[in-house]
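**Q** In mature numbering (1 follows the signal peptide of the UniProt record, and there is no 0), the protein residues as written are -18 to -1, 1 to 250. Quick reminder that beta carbons are idealized off the backbone N, C-alpha and C, glycines included. Quantities reported herein were computed from a predicted structural model and do not represent experimental measurements.
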């Protein structure tokens, strides 16, 4: 009997799980285990005010992203891929900041698991990109990917997915190109357009129809602000974009890009 009691005690002391994070960064590539990250020399306990995913203040054991992105330059482009297919396109510059809006990789300790994101849902772990002082860098909710499995160094979105590009005759500062930048920041994590993109969660925003073609009047803007105000179903996942995250002027630019691309359909 004693051996079985001892075995049971050992099982109870064993972590519930261990995870690994793949950093595919070219010469600086490596795979990190949970335990390694928790013991990283720059790991510290941080407090995040009004966490985007948990909607409340949270404390995490975390490592500065700048300490993990070995060999990455400020003008590089990264993609954080989550376990559910969410793919966040991230400019490297903000991730390398050590002041202002600072990015951290929060690491879930198997011995002290985080709470579920909602009833019946998993936590934000095993790895979660969080920001301290996000307002200093105009960090959007889509730049807080959770359940992260890998972070990859990739070419810029415009190089990888030319079908997303507006008319090349437009000036770089044209409102349509400004809207394109907002689309990359806020929409491309979940949606494709013209079949282009890596996201697997939401519908294509141009094929077969653009939402600007079937949402009348200002209903598209209302939908972006609060999806549940127009469509309600239990499995809805799209978050609303408040004016503090996407000001009215930027929302207008985003819709302008979608209207422009409705005239530039390309079959995947």
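If I follow the unbroken beta strand (DSSP E) through residue 249, where does it start and stop?
**A** That residue, residue 249, is in no beta strand (DSSP E); it is neither H nor E in DSSP.
**Q** Going by beta-carbon coordinates alone, are residue 88 and residue 74 separated by less than 8 Å?
**A** Result no, Cβ atoms of residue 88 and residue 74 do not sit closer than 8 Å.
**Q** Straight-line CA distance for residue 222 to residue 237?
**A** Spanning the two alpha carbons is a distance of roughly 15 Å.
**Q** For the beta strand (DSSP E) containing residue 46, list its first residue and its last residue.
**A** From DSSP, the beta strand (DSSP E) with residue 46 extends over 40 to 46.
**Q** Go ahead and pull the three-state DSSP assignment for residue 99.
**A** Residue 99 falls in the coil class under three-state DSSP.
**Q** Residue 43: buried (16+ other C-beta within 10 angstroms of its C-beta) or exposed?
**A** With 16 or more other Cβ atoms within 10 Å, it is buried.
**Q** Just mark residue 226 as buried or exposed, buried being the case when its beta carbon has 16 or more other beta carbons within 10 Å.
**A** It is exposed - the Cβ of residue 226 has fewer than 16 other Cβ atoms within 10 Å.
**Q** For residue 246 and residue 111, I'd like the C-alpha separation in whole angstroms.
**A** Taking the straight line joining both Cα atoms gives about 34 Å.
**Q** Quick one: what does DSSP say residue 15 is sitting in, helix, strand or coil?
**A** Note: residue 15 maps to strand in three-state DSSP.
**Q** Less than 8 Å between the beta carbons of residue 154 and residue 235, yes or no?
**A** Going by C-beta atoms, residue 154 is not nearer than 8 Å to residue 235.
**Q** Around the C-beta of residue 108, are 16 or more other C-beta atoms found within 10 angstroms, so that it is buried, or is it exposed?
**A** Residue 108 comes out buried.
**Q** Helix or strand or just coil, what does DSSP make of residue 84?
**A** The answer is strand: DSSP assigns residue 84 an E or B state.
**Q** Hey, which unbroken runs of the alpha helix (DSSP H) at 4 residues or more fall wholly within the segment 100 to 151?
**A** If we require 4 residues or more, the alpha helix (DSSP H) runs fully inside the segment 100 to 151 come out as 139 to 142.
**Q** Alpha carbons only, please: which of 150, 24, 232, 220 is nearest the one belonging to residue 243?
**A** It is 150 whose Cα lies nearest to the Cα of residue 243.
**Q** Look at the Cβ atom of residue 66, then the Cβ atom of residue 2, and state whether they are nearer than 8 Å.
**A** Against a cut-off of 8 Å, the Cβ pair of residue 2 and residue 66 comes out as no contact.
**Q** What whole-angstrom Cβ distance do residue 193 and residue 152 have, given they're in contact under 8 Å?
**A** About 21 Å; that fails the 8 Å criterion.
**Q** Report the start-end ranges of each alpha helix (DSSP H) in the segment 168 to 221 that is 4 residues or longer and not cut off at the edges.
**A** You should have 193 to 196, 201 to 207.
**Q** Shortest alpha-carbon distance to residue 31 belongs to which of -1, 117, 103, 7?
**A** Residue 117 is the option with its Cα nearest to residue 31.
**Q** Roughly how many whole angstroms lie between the Cα atoms of residue 184 and residue 135?
**A** Approximately 23 Å between the Cα atoms of the pair.
**Q** Can you look up residue 164 in the DSSP assignment and give me helix, strand or coil?
**A** The answer is helix: DSSP assigns residue 164 an H, G or I state.
**Q** Determine the direct distance from the alpha carbon of residue 188 to that of residue 9, and round the result to whole angstroms.
**A** Looking at the two C-alpha atoms, the distance is approximately 37 Å.
**Q** Quick one: grab the DSSP three-state call for residue 34.
**A** The answer is coil: DSSP assigns residue 34 none of H, G, I, E or B.
**Q** How is residue 89 classed by DSSP in three states: helix, strand or coil?
**A** Residue 89 falls in the strand class under three-state DSSP.
**Q** Could you tell me whether the segment 44 to 64 touches the segment 20 to 29, using the rule of 3 or more Cβ pairs below 8 Å?
**A** Contact holds: three or more Cβ-Cβ distances are below 8 Å.
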